[in-house]
Amino acid sequence: MTAMRWALEYPERLRHCVVIASAADLTAQNIAFNELARRAIRSDSDFHDGDYLQHDTIPRSGLALARMIGHVTYLSDALMEERFGRELRSGTFQQGLDAPIEFQVESYLRHQGDRFATDFDANTYLLMTKILDYFDLAREYGGDPVKAFSNALCKFLVVSFSSDWRFAPARSREVVKSLIAANKDVAYAEIESDMGHDAFLLPNDRYEGVFRAYMTRIAKEIGAINTEEEAS
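Here the sequence shown is numbered in my numbering, starting from 2 and rising by one per residue.
Rendered as structure tokens:
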């Protein structure tokens, strides 16, 4: 998202823009998940209206819950089913409903939340999610992304992942459609993956192949430009 913004704000400084698992703005569902995460943090008694450091405390429980909510949106249903299913980490159903039973997925989410709560600042989390919510590439252009992209001078590579429901392929195709309408040079690849939004962080042969090919193209262009400059 930031890369697309740079392409509009500093067109003369960008020759290429790579947009991966992104969109021109957030959907209502995305905003809703961010608000749930923020509410989790603000509801922590240790938050103190954002002045927690002055009270020598950290809203760890709220941060952990916010991360748990967010983390679910980064994974696909297929991946969660494959990785966890209904596997138990502790307890058995034979012990009765009053016995403590913990699913593997519950343990995993708690681990992710607790780890995040020790490394991330609560107010920073609130600010970053609000910035994401407010981001709208076309707002200053009458809501028209084609007009927005008309300012860009660079070439684009747009990549999406089939199982990403946080930033679905349809949102990337919207970006590509707008770029084409604005007569921009754009390449698009939708990568087959069951890893959800996190797929952009994980190994994938086709993803790596697409990215490597585009970087090779850039390297050749830079080499040609340098050769021309040296010749002149």
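All C-beta atoms, glycine included, are put in the ideal place defined by N, C-alpha and C.
Boundaries of the beta strand (DSSP E) in which K156 is found, first to last residue: Counting along the chain, the beta strand (DSSP E) containing K156 begins and ends at K156 to F162.
Validate contact between the segment 59-67 and the segment 205-215 using beta carbons, cut 8 Å, 3 pairs: no
L127 versus A79 - alpha carbon distance: 30 Å
Pick from V19, L76 and V176 that is closest to A214, judged by C-alpha positions: V19
Paired residues, beta bridge with D137 - DSSP: According to DSSP, which records beta bridges pairwise, D137 is partnered with D26.
For L89: DSSP bridge partner residues: According to DSSP, which records beta bridges pairwise, L89 is partnered with F104.
Span separating the alpha-carbon of I132 from that of N35: 11 Å
Reference H17; option with closest CA among T28, Y109, G86 and L158: For H17, the closest C-alpha among the options T28, Y109, G86 and L158 is that of L158.
Inter-residue CB distance, S163 and E191 (contact presumed, cutoff 8 Å): With 8 Å as the limit, S163 and E191 qualify as a contact, their Cβ atoms being about 6 Å apart.
Residue range of the alpha helix (DSSP H) that includes E175: Note, E175: alpha helix (DSSP H), P170 to A182.
7 Å Cβ shell around D26 - same chain, five flanking residues per side excluded: F136, D137 and L138
8 Å contact criterion, which H198 and R167 should meet: CB distance rounded: 4 Å
Among A200, A188, E193 and P146, nearest to R218 - alpha-carbon criterion: A188
According to DSSP, residues forming a beta bridge with H17: K156
Where the alpha helix (DSSP H) containing Y75 begins and where it ends: R61 to Y75
Among H112, P170, E10 and A65, the one whose alpha carbon lies nearest that of I21: P170
I223, buried or exposed, once every other Cβ within 10 Å from all chains shown has been counted against 16: The residue in question, I223, is exposed, as its Cβ has fewer than 16 Cβ neighbours within 10 Å.
G210 classed as buried or exposed, judged by whether at least 16 other C-beta atoms fall within 10 angstroms: Counting Cβ neighbours within 10 Å, G210 comes out exposed, since fewer than 16 surround it.
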